[in-house]
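Below: one structure, written as structure tokens.
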Amino acid sequence: MPSSLSLAACAVYFAVAVLCWRAIGAAKTAGHGNGQARLWSFLAVLFILLAVSRMLMVEELVHKTLRGLLEAEGAYSSRRDWQAPLSAFALVALAAAVAWIWQDSRRLDGTPKAFYLFLGKLAGLAMLGLVALRLISFHAVDSLLYGGPHLNWVIDMGASLVAGYAAWRYRLSQPTP
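Here the sequence shown stands for residues 1 to 177, numbered as in my numbering.
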């Protein structure tokens, strides 16, 4: 059974998905059906999947399954041999994606709408990166994510709120027909 914090996160995820869904309609109404509506569609689906995953405790199931497989093969004790390079690769890929989004945003027209699209992309990337790092579950990464100020929840809820805010403000920035 998910914790009360997980259920609260599900509520936030569903709210963000609804805001993204409404941004899809605004993008299509304003004639931006290609890339802009696609971004909001991706984010709406992402946050629905995150909510379902959290409700069904999919990450915990994946962790248990992987741990069981590694223990059955006698590879659990040497997991750090592949977790460290995998974590490093994930962090480098995340940094490269941020750089790509940043570079891509420099081509935008400087309107508030463009800024909200940029925020939406960053928030989606942050959520994907966080899920990837949680699945890798390397001790050094875990101590960053779950220790001290629980960076896991700060990034999780922060990225969710940024995505929701971006979708909401994007919708408001579109001209009404």
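By construction, the Cβ of each residue, glycine as well, lies at the ideal position given by its N, Cα and C atoms. Small disclaimer: the values here were computed from a predicted structure and weren't measured.
| residue 41 versus 52, 27, 31, residue with shortest Cα-Cα distance | The count along the sequence shown starts at 1 and reaches residue 41 at position 41. Nearest option by C-alpha distance: 27.
| request: Could you tell me if residue 104 is buried or exposed, where buried requires 16 or more neighbouring beta carbons within 10 angstroms of its beta carbon? | output: Translated into the one-based positions of the sequence shown, residue 104 becomes position 104. Exposed, by the Cβ-count rule.
| task | Kindly indicate which three-state DSSP category residue 29 falls into: helix, strand or coil? | result | Looking up residue 29 in the sequence shown gives position 29. Note: residue 29 maps to helix in three-state DSSP.
| Beta-carbon separation of residue 43 and residue 124 under 8 Å? | Counting from one through the sequence shown, the residue named residue 43 turns up at place 43. Counting from one through the sequence shown, the residue named residue 124 turns up at place 124. It is a contact, given that the beta carbons lie within the stated cut-off.
| field | 4 or more residues per run - each alpha helix (DSSP H) lying fully within the segment 63–112 | value | Residue ranges of uninterrupted alpha helix (DSSP H) with 4 or more members, entirely inside the segment 63–112 and ordered along the chain, are 80–105.
| query | Between which two residues does the alpha helix (DSSP H) harbouring residue 36 extend? | reply | Counting from one through the sequence shown, the residue named residue 36 turns up at place 36. That run of the alpha helix (DSSP H) goes 35–56.
| said: When you compare the CB positions of residue 155 and residue 126, do they come within less than 8 Å of one another, or not? | reply: Counted from its first residue, the sequence shown places residue 155 at position 155. Counted from its first residue, the sequence shown places residue 126 at position 126. Cβ atoms of residue 155 and residue 126: closer than 8 Å.
| task | Flag this pair as touching only if the segment 156–167 and the segment 6–24 have three or more C-beta atom pairs under 8 Å; answer yes or no. | result | Yes, they touch.
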